[in-house]
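In order, the protein sequences belong to chains A and B.
Numbering of the first sequence is given in my numbering, commencing with residue 1232 and proceeding in unit increments.
Numbering of the second sequence is given in my numbering, commencing with residue 1458 and proceeding in unit increments.
For every residue, glycine included, the Cβ atom is placed at its ideal position computed from N, Cα and C.
Just so we're clear, the structure is a prediction, and the values are computed from it rather than from any experiment.
Worksheet for the structure shown next.
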Amino acid sequence: MMTIFKMTSGAIVSNLEHHASIHEINRHARNIRINIIKMLATAGSGHPAGALGLADIYAALFFDVLHYDLDNPKSPDRDILVISNGHTAPVFYASLAEIGAISEKELWTLRKFGSRLQGHPERNRLSWIENTSGPLGEGLSQAAGMTYALKYFDKNEQRKVYCTLGDGELDEGNIWEATMFASKNHLNNLIAIVDRNHIQLDGDTEDVMPLEPLDRKFESFGWQVLQINGNDPAEFIDACSLAHKNLDQPTVILAHTIPGKGVDFMEGDYHWHGKALNDDEIRSALSQLEAEKYD
Amino acid sequence: MIDFNLNERFLRGDFENKAVREGFGEGLVEVARNNEKVVALTGDVGDSVGLGEFIKEFPERFVEVGIAEQNLVTIASGMASMGMIPFAAAYAAFSPGRCWEQIRTSICLNNMPVKIVGSHAGVNAGPDGAAHQILEDIALMRSLPNMIVVAPGDSVEAEKVAVACAKDSRPNYLRLARAPSPIFSSDNSPFEIGRAYVLREGSDVSICTTGTMTAQALLAAQILEKQGIFAEVVHCPTIKPLDSETILQSARKTGRVVTVEEHQIAGGFGSAVAELLSQNSPTLMKIIGINDRFGQSGAADELLDFYGLTAPKIANILASWL
Ligand SMILES: Cc1ncc(C[n+]2csc(CCOP(=O)(O)OP(=O)(O)O)c2C)c(N)n1
Ligand SMILES: [Mg+2]
């Protein structure tokens, strides 16, 4: 199970009022999780743990936080979602189906020949994808470049750039180069979301390459740090509102999530970072998720 | 021609498939038992690049650097300068893909015996898609002075490659495939860095191949034989330095050379053969590989077929060319 984390700093945020009710967002998150399992089942490979752990944040992003136009994925006013941890793509694809941007049927083409839903997101395949990813460590710099262009070239303070990152991904030096750049340039409209789930491919993050004290690392690099329970959409939404109020610094949301959330045999176990489920496991996972009722 | 001792089962058409990366992992354990200077490093992909058994047997000689490929190869360089023989293993897309300049300076210009192990090279990486299917690594590595470049043909040869590289005092790049592929060599097959092997004699055309494409070339030669075309198959596990003598001899004999690789046509193995032939014995050539495009998601076999890298597709190209 998960190592207990200590919140050494960062605001613990409170509940505000939201667009979709939290109850509805929870229901969407449950649907997204079910589709993640079904997608990986038809694909026969992929990365379940991170995607499941991020479902609550993605539901909150797509049903509350992000500004987008369902009819025009390239709408010039939209917020940008940069996915740096590209292996979690199933949670993004399932979210697109949940808002109705793509059909549920298309989800079953994941990782298959000719699909728009490549194993890792490819920008030229699907207009909803802002950046091609998979190779870890490249998203935050792209997000910083976008935010810089918005702030200093377009003089646009409205549009926000969100960037999801894995915690293992923070091992990459490229991330910390981006972190320095963003604070040097006061990229206040950049919001990094770290999926702090304590797992990566080879094991627990603190065994592979210790990250703690992570909050103080980001703080000393000049960022506003917010710590939340990443499986609580309300906390995430509140953290985003706080981030928007900071007009000087970029914000990182350290989202403490449970990898494999909702499926008991996966929760907290790093072996599920990138393993396909067998038939029994699929049945068990689906029955657990479907038992959650939100009527 | 020395006897290569092709695998009996392969010759009977009864293919045993195994991933090259697994064979490498077994070879590395063998090497480590005999040489305590051998250490293994990875960037958070230990098991998937074949280090599983090494980590179990030699935990004290295993070094985890996390997802940090630039750090991985430069740490390996530092260890090598203190007398160790580091095998730095990751996905080829990221090492050498991400850390080329670090390899250039801290390993090649420094001339350190670091073994860069790049797994999941080529479209056989499968459903993960284009970003993970590196098709440019041969070009990246063979352009570096001091670097030796080896692409084992199957898992059995990969074991021998691990052993040979540990004994080699130069920087080496080992290019490994992820998906299982047919074993065509046997325990008695020879392997030496810098040697190419004629696996099958022929008079009409020489097919020079590297990596797992050799099995496909052997099968293509069988198909062609039924059409009255006799292809010679020259297996070149070492891409740099090329075995110029063996390749030139075969080219002069048949008068036509086809190369096959799971890599971009630009700058790869075929380019290396063209550099050799054009300057020593100009020969009509055809370079079969990926033609200036990226890979994509799909099953390994499906993708190899789509990109024209299976025996029937290779045989077709040859038949229409000759
Ligand atoms: C540059 C790079 N190196 C290695 C990999 C292989 N890889 C894919 S995911 C992963 C682990 C990522 O850990 P984390 O970011 O914490 O994601 P999680 O397992 O929590 O989903 C690794 C090593 C990669 N995709 N990119
Ligand atoms: Mg993680």
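In this chain, V1488 (chain B) is not harboured by any beta strand (DSSP E); it is covered by the alpha helix (DSSP H) spanning 1477 to 1491. These are the residues, in chain order, with a beta carbon less than 7 Å from any non-hydrogen atom of ligand 2: A:G1281, A:G1397, A:D1398, A:G1399, A:D1426, A:N1428, A:H1429, A:I1430, A:Q1431, A:T1436, A:P1490. Spanning the alpha carbons of S1728 (chain B) and I1722 (chain B) requires a straight line of approximately 7 Å. Three or more beta-carbon pairs separated by less than 8 Å link the region 1277 to 1289 of chain A to the region 1497 to 1509 of chain A, which places the two stretches in contact. Contacts with chain A at 8 Å (Cβ-Cβ) do not include N1568 (chain B). The count of Cβ pairs closer than 8 Å, one atom from the region 1753 to 1772 of chain B and one from the region 1576 to 1584 of chain B, reaches three, so the stretches are in contact.
By the criterion of at least three beta-carbon pairs nearer than 8 Å, the region 1383 to 1391 of chain A is not in contact with the region 1399 to 1414 of chain A.
For the pair G1509 (chain B) and V1613 (chain B), the CB atoms are not nearer than the 8 Å cut-off. Of the residues A:D1302, A:A1260, A:S1252, the one whose Cα lies closest to the Cα of G1461 (chain A) is A:A1260.
Shortest gap from the CB of V1313 (chain A) to any heavy atom of ligand 1: 7 Å or more. The bridge partners DSSP lists for C1665 (chain B) are B:V1691, B:T1716. Within chain A, the C-beta atoms nearer than 7 Å to that of Q1527 (chain B) come from G1404, in chain order. Remark: the shortest separation between the CB of H1487 (chain A) and any heavy atom of ligand 1 does not fall under 7 Å. For M1541 (chain B) against K1494 (chain B), the beta-carbon gap comes to about 5 Å, under 8 Å, which counts as contact. In the structure shown, F1544 (chain B) falls within a strand segment according to DSSP collapsed to helix, strand and coil. F1551 (chain B) has a beta carbon lying within less than 8 Å of a beta carbon in chain A.
For the options B:C1565, B:A1672, B:G1685, B:A1489, the alpha carbon positioned closest to that of E1616 (chain B) is the one of B:A1489. Taking a contact to require three or more Cβ pairs closer than 8 Å, the region 1477 to 1484 of chain A and the region 1252 to 1266 of chain A do not qualify as touching. Just measuring C-alpha positions, the residue of B:F1726, B:V1607, B:T1666 sitting nearest I1650 (chain B) is B:V1607.
Note on geometry: alpha-carbon atoms of A1516 (chain A) and V1494 (chain A) lie some 5 Å from one another.
Bridge pairing for N1581 (chain B): absent [DSSP]. Taken through DSSP and simplified to helix, strand or coil, C1565 (chain B) comes out as helix.
About 20 Å separates the beta carbons of L1656 (chain B) and A1776 (chain B), which is beyond the 8 Å limit, so they are not a contact pair. CA-CA distance, L1301 (chain A) to I1564 (chain B), rounds to 51 Å. The Cβ neighbour count for K1269 (chain A), taken over all protein chains shown within 10 Å, is at least 16; the residue is labelled buried. For A1423 (chain A), DSSP records a beta bridge to A:C1394, A:V1483. Listed in chain order, the non-local C-beta contacts of G1724 (chain B) below 6 Å within the same chain comprise A1596, local neighbours out to five positions each way being set aside. Runs of the alpha helix (DSSP H) spanning 4 or more residues and lying entirely within the region 1447 to 1515 of chain A occur at 1464 to 1476, in chain order.
Per DSSP, A1497 (chain B) is not a residue of any alpha helix (DSSP H); the beta strand (DSSP E) it occupies stretches across 1495 to 1499.
At a cut-off of 8 Å, the C-beta of Q1373 (chain A) has no neighbouring C-beta in chain B. Beyond the five residues adjoining it in sequence on each side, N1737 (chain B) comes within less than 8 Å, by CB distance, of S1701, L1705 in the same chain, given in chain order. Within the same chain, and ignoring the five residues on either side of V1439 (chain A) in sequence, the residues whose Cβ sits closer than 6 Å to its Cβ are Q1431, D1433. Shown in chain order are the members of the region 1753 to 1775 of chain B whose Cβ falls below 9 Å from a Cβ of chain A: Q1753, S1754, G1755, A1756, E1759, L1760, F1763. Inter-residue distance for L1473 (chain A) and L1508 (chain A) is about 38 Å (C-alpha atoms, whole angstroms).
As computed with DSSP, M1742 (chain B) is found in a beta bridge with B:V1714. Around E1558 (chain B), no beta-carbon contact reaches into chain A at under 8 Å, the shortest distance being about 13 Å.
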